[in-house]
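Colleague:
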Amino acid sequence: MIDRKALVLSRMERVVTLLQDNLFEETAVDLNTLAEAAALSPFHFHRLYRLVTGETCGETLCRLKLAAGARHLAMAATVTDAAMQAGFSSSQAFAKAMKRETALSPTQLRDDPELLSSIAGQLSQPASFQSAVPRGWLTIELVSLVPMRLVTLRTEHLYPNLFETYTRLFEIAGDPTQVTAIIGIPRGDSGDAASGVFDSALLLNEAPQNLPTDLFWQNTAEGEYLRVRHAGSYDGLEQTVDNLYLTMLSINDLWPADAPCIYHYLDDPEEVSEPLLRTDIYLPVNRA
Numbered sequence: 001m002i003d004r005k006a007l008v009l010s011r012m013e014r015v016v017t018l019l020q021d022n023l024f025e026e027t028a029v030d031l032n033t034l035a036e037a038a039a040l041s042p043f044h045f046h047r048l049y050r051l052v053t054g055e056t057c058g059e060t061l062c063r064l065k066l067a068a069g070a071r072h073l074a075m076a077a078t079v080t081d082a083a084m085q086a087g088f089s090s091s092q093a094f095a096k097a098m099k100r101e102t103a104l105s106p107t108q109l110r111d112d113p114e115l116l117s118s119i120a121g122q123l124s125q126p127a128s129f130q131s132a133v134p135r136g137w138l139t140i141e142l143v144s145l146v147p148m149r150l151v152t153l154r155t156e157h158l159y160p161n162l163f164e165t166y167t168r169l170f171e172i173a174g175d176p177t178q179v180t181a182i183i184g185i186p187r188g189d190s191g192d193a194a195s196g197v198f199d200s201a202l203l204l205n206e207a208p209q210n211l212p213t214d215l216f217w218q219n220t221a222e223g224e225y226l227r228v229r230h231a232g233s234y235d236g237l238e239q240t241v242d243n244l245y246l247t248m249l250s251i252n253d254l255w256p257a258d259a260p261c262i263y264h265y266l267d268d269p270e271e272v273s274e275p276l277l278r279t280d281i282y283l284p285v286n287r288a
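Here it is in structure tokens:
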């Protein structure tokens, strides 16, 4: 039987190696290359990487640069030289990042060689895989979905502050009775602001004849999905999504498919009180 935990960890270790090998390149490694290294769909890579490693790719890069800077400090480099050698734009940026990560300044570390050696070792190690377990039990279902044709408005770095976005979609729809479903589609890790491309969408009984240029039609993917229902405030939605991914990782014959998740908002927050709001979360899967 495949050791699922070892398989997932080995895939993420390949990504860390790729980031390390390209640490000082002028052009950052793109999403598709990182996802390919992990043998994952780009739609799911960032979230799974964060859940498995305990940090985002950006945080990994910063940690690895700090480790390089610490090694340069250990070789009697000045703080400025260490910052430049580690790829930071200035000694101030290096000091700020080191303080944030370790609560210590580069100068403090340089003046204590034993502590510096310990910190450099810690910074060189990836975060623990041990956090990648579901937080509590989820009631999940494996369901099949047919494609939905959705009128869509794509935004970047606005999620979850999308009230005005959905208001505009309802204005385009005209008659609210034409709205069959209120849908959200995260294009990456909506729990990470740095990768926050999000599609707000409606399923309509009748299609508007003309759409504004910033709106478009899209079809959702047909296939099997893991579904879980989130109850309550949207503030806790991303934790439920994380738990759904972690639960999926514990199921040996399922793997995320190359399609984005779907959030089906079952209630209108203007009509239903926050504790009673319901959202069905769909994670597309393939059978391994």
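Start counting the sequence shown at 1; every next residue gets the next number (the UniProt record's numbering). Glycine included, C-beta positions come from ideal geometry on N, C-alpha and C.
Determine the extent of the alpha helix (DSSP H) in which H46 is found, giving its start and end residues.
Modeller: Residues P42 to T53.
Colleague: Roughly how many angstroms separate the alpha carbons of A28 and G174, rounded to a whole number?
Modeller: Answer to the nearest angstrom: the Cα atoms are 44 Å apart.
Colleague: With DSSP collapsed to three states, give me the class of D21.
Modeller: Looking at D21 - three-state DSSP - the assignment turns out to be helix.
Colleague: Near E274, which residues of its chain fall below 6 Å by C-beta distance, leaving aside the five closest residues on each side in sequence?
Modeller: Within the same chain, E274 has close Cβ partners S233.
Colleague: Once you ignore the five residues that flank S190 on each side, which residues in its own chain have a CB closer than 7 Å to its CB?
Modeller: Answer for S190: Y159, G196, F198 and E238, listed in chain order.
Colleague: On the premise that P106 lies in contact with F88, defined as a C-beta separation below 8 Å, what is that separation, rounded to the nearest angstrom?
Modeller: The pair is not a contact, with the Cβ atoms about 10 Å apart (cut-off 8 Å).
Colleague: Counting only the same chain and skipping the five closest in sequence on each side, list residues whose C-beta sits under 8 Å from that of Q178.
Modeller: Result list for Q178: L204, N205 and E206, in chain order.
Colleague: Nearest to L277 by CA position, among H72, Y263 and R154, is which residue?
Modeller: Checking every option, the nearest Cα to that of L277 belongs to Y263.
Colleague: Identify the residues that DSSP records as bridge partners of L202: which are they?
Modeller: BP columns for L202 point to V151 and I182.
Colleague: Run the CB neighbour count on M1, radius 10 Å, all protein chains shown included, and call it buried at 16 or more, exposed below.
Modeller: Since pLDDT at M1 reaches only 46, below the 50 mark, its modelled position is unreliable, and no value is offered.
Colleague: Hey, would you say S200 sits closer than 9 Å to T155, going by beta carbons?
Modeller: Yes. Within cutoff.
Colleague: By how many angstroms is the C-alpha of R4 removed from the C-alpha of S10?
Modeller: Answer to the nearest angstrom: the Cα atoms are 10 Å apart.
Colleague: Helix, strand or coil: which one does DSSP assign to E222?
Modeller: Coil.
Colleague: Is it true that the CB of Y245 sits closer than 9 Å to the CB of R47?
Modeller: In contact: R47 and Y245 (Cβ atoms closer than 9 Å).
Colleague: Rounded to whole angstroms, how far is the Cβ of L40 from the Cβ of P256, which I believe are closer than 8 Å?
Modeller: Correct: roughly 7 Å between the Cβ atoms.
Colleague: Quick one, are the C-beta atoms of R71 and E101 less than 9 Å apart?
Modeller: Not closer than 9 Å, so no.
Colleague: Under three-state DSSP, which class holds T279?
Modeller: In the structure shown, T279 sits in a strand (DSSP, three-state: E or B).
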